[in-house]
Structure formats: structure tokens, C-alpha cells
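Colleague: The structure follows.
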Amino acid sequence: MKQALEQALQCAVDILLQDTPNAKNVVVQLTRPKMKEHGDYAANIAMPLAGVLKQNPRQLAEKILQTVQWPEAVEGTDIAGPGFINIRLQKACEAEVLKKILLQGEDYGRIAVSGTADNVCLEFVSANPTGPMHVGHGRGAVVGDALGNLLSTRGLNVHREYYINDAGAQIAVLAESVWLRMQGLQGDSITLPESAYPGEYIIDIAKALLEQRDFSDISDMADDQRMAWIGAQSVAANMAMIRGDLACMDITFDHFFSEKALHKSGKVQGLIQRLQDEGTVYRGTLPPPKGKAVEDYHAVEQLLFRTTDFGDDVDRPLAKQDGTATYFAADIAYHVDKLERGFDRMIDIWGADHGGYVTRVQAAIKALTQREAQPDVLLVQMVNLTRDGKPVRMSKRAGTFVTLREVVDEVGADAVRFNFMTRRVESQFDFDLQEAKEKSNENPVYYVQYAHARVAAILRKAEQEGIVLQAVDDVDVSHLSSAEEQTLVAQLLAYPEMLDVAADRLEAYRVATYVMKLAANFHGFYHKNRVVTDDVALTQARLLLARAVKQVIANALAVLGVSAPDRM
RNA sequence: GCGCCUGUAGCUCAGUUGGAUAGAGCAACGGACUUCUAAUCCGUAGGCCGCAGGUUCGAAUCCUGCCAGGCGCACCA
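Sequential numbering from 539 applies to the first sequence in this note's numbering.
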């Protein structure tokens, strides 16, 4: 509908512009006005046109309306304010959407995945396999999961992937920590170095490994062999724990991609070789880092990637002093691998602490694809965990962090998920444990779920009264004439458009703000209008409306990964 | 010092990518349950949209400069 209206207006505008060949392209864009007195759609086209044609915008609006040929559904138009064209649609026509919603059910708003759909690789969470997930990871997990739902709802082929950083120094530290604990469990006196992971779960892993093999067997192994074995076992144990954390939020992945396997496959070295062949790398030294203590800095010659040619601030090292590949090199190889696997699009969801990393990865991928591809990166800002308004220090090192699972156990998965989804990813936010627990009844998620349960209650009531639901096509929706009813209808009609905007901009939180507004309007309608009454036709029409609201709330909550209960 | 993100009601946040009178929830105050669920609704109060310029018909939104907070800044991941 929106497109049809835009097209009609565009034709009229083009006719006006015929006589001014030098005029720039003026593109018609419709918006939905905030106030319903301003109609169902509004066009601001006369204002920019006034600038081009040097004429009064209100007069121009009139000229446009004289020539435009509207689709049948348009009931009338107004010129308002400085020159807005407000368009009103026929109400009977709008309310027909209720029937569509009920016939399509959970598919309302959904676009089927076609054979030509884009394949999207959505990488998220990717928490290091060195400990359980904390709240910040949880935010990324929820945002990623909902975005995946949103994109597949809009017809994209979404592949969810978790990149396991199971290589490098941190795994050595993990293995060392577990080994120390194993020795401690044998009765040896141990001192944990500053660098070791102190968490309780390390002891659990140590215990589990000791049940698997005798201590003496492990002790007899050569050092590197032992550390490799403990490292691999510890990563597996932590990944099992992380999968459990994800499962408590009902989040699953299509693929867990191992960095270690990537190294083993030779793809990282292959990439470095390729870059050398292409001449985009050189040996050089980087200037010392600014703004932090540099006493341990010593200039060293490294293999550097010319990312500055593609928008980066400085060139970035691909190999460490000892010649092994940097994390950066592996990450480029990982993204190249995604492209080789046939993905048309890559979306990465990272924590804000990786912010400095975005430009260099995008630059690298641009360099490797002749500027044709680069990943979209969503930086999820930090979650400040507080208790009674006081910050809770979170550090894996210190072992003082609050795990995601603790929070989910305390507050509930639905509440956590919805809470994370009501904010833009760019906004850092405070999550107060005490508040989340105490105010759980005031949480927006219950507000929305309650609206859903309320419709279910109405339907139960109707059934009790012996009311038989009319066939959807037979319901006379013209009875829905009150302001509240028309607002609801318009909002239900806008659901697919909202999904479009949200999917285009990778902003899944819009689904949450939408469904909160829908619930609010329904609660308002509920208090002013009784659904089940003696008026048979009106009852049928309102039941249809209520069912449609219920369906759309359920669909929106499904995108967010939140349940829609029939009773509360 | 440099880069990225943020600054909107007392608090937590929206604001459809430049539109019409800036909106919700919590907190405060006053009302509404013999009715389909009061986990709700209605009303009142609360705003130099961080500050100062600029761009234009029009700015919370765009550009510049400040101020404040968060994150990051070779050889970790």
C-alpha cells in the first residue's frame, strides 16, 4: 500500500518537474504521522519541491493533488501545516487486515525464504572458552538471536555461528590454571599466579579430568603434550558450560567454528602467503602506542598489513615476534572462509571492548575483495551490573563476575531477554540485580505478556458464554469504528513495515518498542470497550480484533524469543 | 593525546534515519475492581533534548567546536 501511494505521488511530482530539466531528483517518501488527525500517511514532498521550484509549498501540494491518481483505497487527502499532504485510507479496507492476520497466523509479517534469498552468516556471542558467560555476553546473545529471528522472518537465509577462540595464549593460561588445581587436589601446596583463572569452575574441571585419568599418567606426560591435552579438555568443558548457559536462554547455533581448526587447516598461513604474493604486506615497525604506559615498549620489526589503504589508522601486524600468526590474521582468514563458504553477507555482533577492531577487519576484507564486501559489525555496549545502585565489579580474573545463568535464574529468561531488547545496542545500560528482581512485576515484559493473556481470557469467556466464532470472512469489520479500534487496526497493519525497517537497519529492538506500544493500546481499548456483549455482530468484530492483536503480539514476541502465555 | 559509542522528565529509556504540540515505564500525587484477569486503566505534575555556534522553509536528529561518561589504542584474544 505504502509503495502504491508513493508511486502515485511520484508520477504527479515528475509531471510537475517536466518543465524544469535541471531539477534534481526529488524522491517521494511517505511517513506515518504521529497523530491520527494527520491521516494514515503523510508526504512532505511539497517542501523540498518548494526549494527546487521556488514556489509556495502549499500551492505546490495543491498542484500535486490535482494531477495525482490515487489507488482506490484512498478515501481523502488534506493539505496541512506548512505543506504536508495527509492521506486517509478507507477504514473498511484497513480492517480487512484483521482477516489476513488470522488466516496467515504465525506467518503474518513473515516472508518465505526463496531460492534466491541472501545467505547471511550471523556471528555472535563468541565468548572465550575460558569460563562461563557473564551478563555482557548475554546481551550479545539475546541481540544476536533476535536479529537472526528477525532476518529469517524477512526471508533471509540465516546461519548462526559461534567463533571459538580456542587457540593462543589464553588457552595456555587456562590449561596451566587447571593443571595447578589438579596438583592442588592431589594435596600439593600451590600458589596461583596473578595471571591464572581463579574461578571455582576451574576446580570442577580439574576434578573431572582426574576422574578421567590417573594423576600419575597425566604427570608423566611430556609438558607440551600434557598442556595440549588439558587445554583441549578444558575448552571442551567450558564450551559445554557455555552451551548450557545459552540453552537456559533457548539460544542455539548452526555451527561452532574453531579457531584452532582454522590454524590447523593451514588457511591462516595460506592467507598470509596470499597477502605477501599480492604485495599488501611488508616488514616494518609500528610507532609506540599512545596514551598508555609504554615503558615495556621496544621497537620490533613485524609483518604488517597495509590496512591504512582501506581506511585504517595504522597498519596492523599479522605475525608476532615469534613468527606465529596474530589473532587478527586468524580473524581475517575466518572471514575469508565465510565468503568462500558462499555467504552473501556477514554480520558480526561484538562487545564494545572490540570497538577498536572494527575498522581493521573491515579494511582487511575490503582489501581482499576489491572493496566489494565487508562485514556489518554491531557493537553491543557494556552492561553495567549494579546491585542496589552500586557497581558490581566484574572480572574473570578476579572471579568476582556474576554469571549469566545466575541472573537468568534470579530474574527469568523472558524478563532478561525483553530487558536487553528494549534498548538500542549502542546504549550502554545499567542492569540492577536487586531492581530487576524486586520490580519483576513492573517489568515491561509482563505488561506485554499480560495483554496476550488477557485476549486469551476473553476468548475463554466467549467460549463459556457459548459464543461460536464466526468464519473469519463472514465477520463484518465495519463495526470497529471507535478511535481505539482504528488505532489498533492501523498498528496491526504497520507490523510488516516495522519489521522491514528493523531488518534493514539491523535494529531488532524496534520489535520490542512496537509490541509494547501495541500492548498499551490494547489495554486502553480493553478498559473502554467490552468485547463480549449482547450485540452479536459487534462482539464478533471485536473478537476478531482481539484475536488479531493476540496473534501479532505472539509473532513479535517470537521474534524476540520471548514466550506468549495464555494465562498469568 | 587519538579513535569509536553515549548525553532527552528525579531514574531507566524511546523518538520510523530533517517534519507538525518531544513520548513511554519506574518514582510522586489524585481517581477507577459485584463486569472478559487491577501484572490493568484514566488524570495531575515533571523538559534551555549536555553547552555554544552553523546549515534551511523546518534541527533532539546533519556539520564544527567545547564539556561530561563508557570502551579501546604494538608484540593478548
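Each residue gets a CB set at the ideal place from its N, CA and C atoms; glycine is no exception.
Since we're looking at a predicted model, the values are computed, not measured.
(1) Would you identify the three-state DSSP class for R935, choosing helix, strand or coil?
(2) Taking E1001 as the reference, give the member of D853, Q548, Q1078 with the closest Cα.
(3) Rounded to a whole number of angstroms, what is the C-alpha to C-alpha distance between K592 and A584?
(4) The ligand FAD and Q1002: does any heavy atom of the ligand fall closer than 6 Å to the residue's C-beta?
(5) Can you look up E878 in the DSSP assignment and give me helix, strand or coil?
(6) Give the single residue among V716, R781, I903 whose Cα lies nearest to the Cα of V663.
(7) Can you give me the Cβ contacts of I996 inside the same chain, cut-off strictly under 6 Å, excluding the 5 residues immediately before and after it?
(8) What is the rounded straight-line gap between the Cα of D783 and the Cα of Y739?
(9) Could you tell me how far apart the beta carbons of L1098 and V1039 are, in whole angstroms, since I believe they sit closer than 8 Å?
(10) Within 10 Å of its beta-carbon, does K999 have 16 or more other beta-carbons around it, so buried, or fewer, so exposed?
(11) When you compare only the Cα positions, how much space is there between D725 and G678?
(12) Taking only the alpha-carbon atoms, compute the straight-line gap between R935 and A1102 and give it to the nearest angstrom.
(13) List in chain order: all unbroken alpha helix (DSSP H) runs of 4+ residues lying wholly within the segment 1026 to 1099.
(14) The beta strand (DSSP E) that contains A580, what's its start and end?
(15) I'd like to check one pair, A890 with L923: are the Cβ atoms closer than 7 Å?
(16) In whole angstroms, what is the alpha-carbon distance linking S715 and V1087?
(17) For the alpha helix (DSSP H) containing L694, list its first residue and its last residue.
(18) Using DSSP with H/G/I as helix, E/B as strand and the rest coil, what is E644?
(19) In angstroms, rounded to a whole number, what distance separates the CA positions of M539 and L627?
(20) Can you tell me which of G808, Y895, T864, F843 puts its alpha carbon nearest to the alpha carbon of D875?
(21) So R530 and L660 are in contact, right, with Cβ under 8 Å, and what is the actual spacing, rounded?
(22) Quick one, are the C-beta atoms of H672 and L942 less than 7 Å apart?
(23) Run the CB neighbour count on K805, radius 10 Å, all protein chains shown included, and call it buried at 16 or more, exposed below.
(24) Below 8 Å, how does it come out for the segment 959 to 966 and the segment 787 to 805: are there three or more Cβ pairs, yes or no?
(25) Taking the alpha helix (DSSP H) that A991 belongs to, which residues open and close that run?
(26) What residues are listed by DSSP as bridge partners for S796?
(27) Does DSSP put N922 in a helix, in a strand, or in coil?
(28) Please state the DSSP three-state secondary structure of M884.
(29) Could you tell me whether the Cβ atoms of L842 and D853 are closer together than 7 Å?
(30) Quick check: what's the CA-CA separation for Y897 versus D850?
(31) Taking 7 Å as the threshold (C-beta atoms), are F956 and E1022 in contact?
(32) Kindly identify the DSSP beta-bridge partner or partners of R854.
(33) May I have the straight-line CA-CA distance separating R961 from L1076, to the nearest angstrom?
Modeller: So, to answer that:
(1) Low confidence applies here, because R935 scores a pLDDT of 49, under 50, leaving its location unreliable; read the following figure in that light. Of the three classes helix, strand and coil, the one that applies to R935 here is coil, per DSSP.
(2) The closest CA to that of E1001, considering only D853, Q548, Q1078, is found on Q1078.
(3) About 11 Å.
(4) The ligand FAD is not part of this structure, which contains no ligands at all.
(5) The three-state secondary structure of E878, taken from DSSP, is helix.
(6) Among V716, R781, I903, the Cα nearest to that of V663 belongs to R781.
(7) Leaving aside the five residues that flank I996 on each side, the residues in its chain whose CB is nearer than 6 Å to its CB run, in chain order, V1069, A1084.
(8) Roughly 14 Å between the two C-alpha positions.
(9) 16 Å between Cβ atoms; not a contact.
(10) Exposed is the call here.
(11) Before going further, note that residue 725 is Gly rather than Asp in the sequence given. Pairing G725 with G678, the inter-Cα distance amounts to about 41 Å.
(12) Because R935 sits at a pLDDT of 49, beneath the cut-off of 50, its placement in the model cannot be relied upon, and the following sentence gives the value as read from the coordinates. Using only the alpha carbons, I get a separation of about 39 Å.
(13) 1033 to 1042, 1047 to 1066, 1074 to 1098, all fully within the segment 1026 to 1099.
(14) Here the beta strand (DSSP E) through A580 covers 579 to 581.
(15) In this structure, A890 does not lie closer than 7 Å to L923 by Cβ.
(16) The straight-line gap from Cα to Cα measures roughly 54 Å.
(17) Where L694 is concerned, there is no enclosing alpha helix (DSSP H), given that its DSSP letter is neither H nor E.
(18) Here E644 sits in helix by DSSP.
(19) The straight-line gap from Cα to Cα measures roughly 10 Å.
(20) Of the candidates G808, Y895, T864, F843, the one whose C-alpha sits nearest the C-alpha of D875 is G808.
(21) Limits of the chain in this structure are 539 at one end and 1106 at the other, which puts residue 530 out of reach.
(22) In this structure, the beta-carbon distance from H672 to L942 falls below 7 Å.
(23) Within 10 angstroms of the beta-carbon of K805 lie 16 or more other beta-carbons, which makes it buried.
(24) No, the segment 959 to 966 is not in contact with the segment 787 to 805.
(25) Segment 982 to 1002, the alpha helix (DSSP H) holding A991.
(26) Answer is I702, bridged to S796.
(27) Secondary structure of N922 (DSSP, three-state): strand.
(28) Strand at M884.
(29) Taking the C-beta atoms as reference points, D853 is found nearer than 7 Å to L842.
(30) Here residue 897 is Thr; the residue named in the question, Tyr, does not match the sequence. Answer to the nearest angstrom: the Cα atoms are 6 Å apart.
(31) Contact flag unset, no.
(32) R854 is bridged to F843.
(33) Roughly 39 Å between the two C-alpha positions.
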